[in-house]
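Protein chains: 2
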Amino acid sequence: MPILFQNVTAVLMDAAHTVLPNAFVAVEGGRIASVGAARPAGSFERVIDGRGGILMPGLVNCHTHVPMTAMRGYGDGHSLHDWLNNFIFPVEAKWDHRAIRACADLGLMEMIASGVTCLTDMYMHTLTVGQAVADAGVSANLCCGMVFFGEEFSPAACGDCKNQEELFQTWHGYDDSRIQVDASLHAEYTSKIGLCEWAGAFARDHGLNMHVHISETRKEHEECKQRHGGLTPIQYMDRCGVWDGPRSYAAHCVWTEPEDWAIMAQKHVTAVHNPVSNLKLGSGVAPIPDLLKAGVNVALGTDGVSSNNTTDLFEDMKIAAILQNGVRQDPMALTAWDAVEMATLGGARALGRDTGAIAPGKWADLILLDGEALNLIPCHDAANNIAYAAHGCDVVLNMCRGKVIYENGEFLTIDREKTLAEVKQYAVPLLFGK
Amino acid sequence: MPILFQNVTAVLMDAAHTVLPNAFVAVEGGRIASVGAARPAGSFERVIDGRGGILMPGLVNCHTHVPMTAMRGYGDGHSLHDWLNNFIFPVEAKWDHRAIRACADLGLMEMIASGVTCLTDMYMHTLTVGQAVADAGVSANLCCGMVFFGEEFSPAACGDCKNQEELFQTWHGYDDSRIQVDASLHAEYTSKIGLCEWAGAFARDHGLNMHVHISETRKEHEECKQRHGGLTPIQYMDRCGVWDGPRSYAAHCVWTEPEDWAIMAQKHVTAVHNPVSNLKLGSGVAPIPDLLKAGVNVALGTDGVSSNNTTDLFEDMKIAAILQNGVRQDPMALTAWDAVEMATLGGARALGRDTGAIAPGKWADLILLDGEALNLIPCHDAANNIAYAAHGCDVVLNMCRGKVIYENGEFLTIDREKTLAEVKQYAVPLLFGK
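Residue numbers (the working numbering), protein chains in the order written: chain A, 1 to 434; chain B, 435 to 868.
Written out as structure tokens, the structure is:
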């Protein structure tokens, strides 16, 4: 039996930038059945009255490390090197599956409550994160961010190659591909050429997306060029065949160069912009208008909570929208629509998923914003309100593939109280000894 | 009868950066009576259990144009000149008192719900804004941002001089100085020397603060130097005696120079940083670390909703905290504490108000953050959570001068439904003809 949304302002995220007032959106079998100004015929299992709120595609968070909620604000105020070596790495050595699950559930709740319907995860213990995602009802692309620090690479000598294969066997395609597994490399500076080639072949052979950290800091970018005869991380990875799968997405891209953008456009490599993390860690400002102009798809990510320190993608959307204007001293460097598109359709394109827009046949990944939220009144332009005025807490309903998983502060797939107790009483003592 | 907060993590905003877990804070006669780790003796009219949440000083929004809520997102995506001349100014010609009151109440509700206890307003129909503030229970510094476009200045020929005097007579000192009136100039480019001198004398004669827009855009800054023999707006205003009152606060300061900072430090001119507005409008990035290093007090503002497009000062606090790190490629350019101080104590210093910290004798301007908010768990460091992870919607209680004016989504001094009806059914049709 289908579900009907009525009394909503529907932001379709189509090429015509359609905003449909007083819209009706019907959902059936997990997908959008119809969109229009008239009530569709038929009977409905449930009619959801949007009370004048905005109905929009769920947000796609294309770069995050979900269980890192545990380290929210831990070691902030230290230099990057000090922070990683003296705060993050020692804690990460202590993770177990139970703590990962609790902290992943906390991260998933935070994302769901603030409008994310699809996300990526690149972290540790990813088999466990897969179960958390399976239970939560969101869509996710999982990867393990392979590293290799040894001298002579061979798949047998690389534990992460085994992790990549096991993750693929366990979760890829789960629940009509609600979960997908991506091939992934952590980064150029944590790999050897053999691993890069192996990862590229794995993506190509299995038809998988590729996810890599690229040119996040100037140091990383310049040191790669020194190591590889002037090749940037994008160019070096290209030589290794890393971009030879169907599509790829590169997190950060702060220091990418014009030659990189041409490769990215040609090889379907999305730039995943993480503006909060890039600012907070002092990495810089990614050249987003240039990437867009070069024909590169751009998506948005929050990065891990440890470098953000929330997973409210509305915040990243706003900062993405205004940051380029400010640093380029051009009030029209990016538009509100550009930012909303990055957070929805751009993410769908990055992951090759049939979501990020409201149109018949798309997955019913939908969020409803509170029509009575003070910060959304009046509404002269829905896209402006979404990009500049909305907060994650304005989300009153989150529907993933036709199933309501969050409504008016209640989580329907995750036990909030149990999760918070596990985080506070188990994970935090385990990781931090307190 | 006093009120007691218990079971809170109190962020005192003192010089020692004290964060007091499991604190007790007692309030009596509108002021903070005691702060400590032990329950104070005596009986209480009400005991507020903070359930582990953060109790902190209320935020001080030092630059805003409160009634501009009506223009939220109106004309976004146009160049500054086009936006002002073809969108904002024609609408502003239509204001009446009833619309101002409704839109001011909407703005005040948005600020109160997101933790502001003290604000400034520089706009039109300020006598009416004064009544809204008086009824809302917050503290405010009101000014009318005087302009003069005529040839020969005389106080009699300048309507805004009359407005300044009337505002001063009507509202200055109201309710034990909960409302104060500041002297103010809109900006150098909207004044003549006579008005600047008159305003400076008015501030000096009446012991008032001075509030001015300063060096917001490069164009404004450079054109001032051309007009006045190389003097920047800060320097020109200094020559006119504008900074000769007890203290002043200058909004934006994006293009100020080292010589300006020295004058600001010497003459007690606060820089009010409006990072969202400066980014969104393409104005640039204010040199905040340099201002701080030069000994200038820094406060925070949201600017008007029309250039933000919300009044959530937590958002500005976060962007202030991370923006300098990013553009200076230094993860320690500003700390979390720096940003929280700008939003609290820095604002109190700017306005010369006895607020912005939790200490016996200070006004009881206090806000409580939800201890169960997902984005504030875990809490390794309360200041980090406030600056980087908190959202305005985490505020569950707002107390101004010892009186609770907002709690768990309910406004105790403003009629929310009546206000929204007035905005939608009266103000929006009046201003926009729809």
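Backbone N, C-alpha and C fix where the C-beta goes; we use that ideal spot for every residue, glycine too. Keep in mind that this is a model prediction, so the values were computed, not measured.
In the structure shown, what three-state DSSP assignment does residue i receive?
i       : result
G571(B) : coil
F5(A)   : strand
A460(B) : strand
A444(B) : strand
V404(A) : strand
F314(A) : helix
C379(A) : coil
D772(B) : helix
I414(A) : coil
S283(A) : coil
N385(A) : helix
A467(B) : strand
A784(B) : helix
I896(B) : Because residue 896(B) is not part of the residues shown, which for chain B are 435 to 868, the question remains open.
C144(A) : coil
A427(A) : helix
D828(B) : helix
V730(B) : coil
D804(B) : coil
D365(A) : coil
If contacts are defined as beta-carbon pairs under 8 Å, then residue i and residue j qualify, I think. What distance do you get, rounded to the angstrom?
i       : j       : result
E768(B) : P723(B) : One point to set straight first is that residue 768(B) is Leu, not Glu, in the sequence displayed. Their Cβ separation, rounded to whole angstroms, is 6 Å, which keeps L768(B) and P723(B) in contact under 8 Å.
T413(A) : A136(A) : 5 Å
A777(B) : L734(B) : 5 Å
C240(A) : G200(A) : 6 Å
D617(B) : F636(B) : At residue 617(B) the sequence reads Ala, which differs from the Asp that was named. Confirmed, Cβ separation roughly 5 Å.
E513(B) : P67(A)  : A small fix is needed here, since residue 513(B) is Ser in this sequence, not Glu. About 45 Å; that fails the 8 Å criterion.
I88(A)  : S306(A) : 7 Å
T744(B) : E544(B) : 7 Å
A755(B) : Y822(B) : 6 Å
R485(B) : E851(B) : Actually they are not in contact, since the Cβ atoms of R485(B) and E851(B) sit about 28 Å apart, beyond 8 Å.
P436(B) : G476(B) : 7 Å
M13(A)  : L345(A) : 5 Å
Y189(A) : E220(A) : 6 Å
Between the C-alpha atoms of residue i and residue j, what's the straight-line distance to the nearest angstrom?
i       : j       : result
P40(A)  : T853(B) : 35 Å
Q660(B) : V732(B) : 28 Å
W677(B) : E841(B) : 39 Å
Y236(A) : A140(A) : 28 Å
E223(A) : T256(A) : 13 Å
L908(B) : P680(B) : With chain B represented from 435 up to 868, any question about residue 908(B) goes unanswered, as that position is not in the structure.
E216(A) : S248(A) : 16 Å
L142(A) : H125(A) : 11 Å
E586(B) : G628(B) : 8 Å
H380(A) : R506(B) : 7 Å
N7(A)   : I367(A) : 14 Å
L831(B) : T551(B) : 11 Å
L540(B) : A444(B) : 29 Å
P378(A) : K868(B) : 12 Å
G402(A) : F168(A) : 26 Å
D782(B) : V572(B) : Here the sequence assigns Ala to residue 782(B), which means Asp is not the residue at that position. The straight-line gap from Cα to Cα measures roughly 14 Å.
F432(A) : L374(A) : 40 Å
H702(B) : C496(B) : 15 Å
Q131(A) : G30(A)  : 20 Å
M146(A) : D160(A) : 5 Å
L185(A) : M264(A) : 17 Å
A773(B) : V47(A)  : 45 Å
Q763(B) : D82(A)  : 16 Å
Flag residue i as yes when its Cβ comes closer than 8 Å to any non-hydrogen atom of the ligand ATP, and as no otherwise.
i      : result
D49(A) : Ligands in the displayed structure: none, and consequently the ligand ATP is not present.
**OP:** Kindly provide the ranges of any alpha helix (DSSP H) runs that are 4 or more residues long and lie completely inside the region 56–137 of chain A, ordered along the chain.
**Re:** 80–83, 89–92, 97–113 and 126–136
Residues in the region 764–790 of chain B having any Cβ partner in chain A nearer than 9 Å = D764, P765, M766, A767, T769, A770 and W771
* Looking at chain A, which residues of the region 493–519 of chain B have a Cβ within less than 9 Å of any of its Cβ atoms? -> T503, A504, M505, R506, G507, Y508, G509, D510, G511, H512, S513, L514 and W517
Next item on the list: Could you pull out every unbroken alpha helix (DSSP H) segment of at least 4 residues lying fully inside the region 155–210 of chain A, listed in chain order?
Entry: 159–171, 174–177 and 193–206
- [ ] Could you please tell me which residues of the region 298–326 of chain A, in chain order, have their CB closer than 9 Å to any CB of chain B?
- [x] V305, N308, N309, T310, T311, D312, E315, K318, I319, A321, I322, L323, Q324, N325 and G326
- Query: What are the residues of the region 710–724 of chain B that lie near chain A, defined by any Cβ-Cβ distance shorter than 8 Å?
  - Reply: V710, N712, L713, K714, L715, G716, S717, G718 and V719
- Task: Could you pull out every unbroken beta strand (DSSP E) segment of at least 3 residues lying fully inside the region 632–704 of chain B, listed in chain order?
- Result: 644–648 and 682–686
#### Entry: Residues within the region 380–391 of chain A neighbouring chain B, beta-carbon criterion of under 8 Å
H380, D381, N384, N385, Y388, A389 and H391
- Contact set between the region 108–120 of chain A and chain B, restricted to residues whose Cβ is under 8 Å from the partner: M109, E110 and A113
**Prompt:** the region 419–430 of chain A: which residues have C-beta closer than 8 Å to a C-beta of chain B, in chain order?
**Reply:** L420, V423, K424 and V428
- Item | Chain-ordered residues of the region 85–108 of chain A with a beta carbon less than 8 Å from chain B | L106
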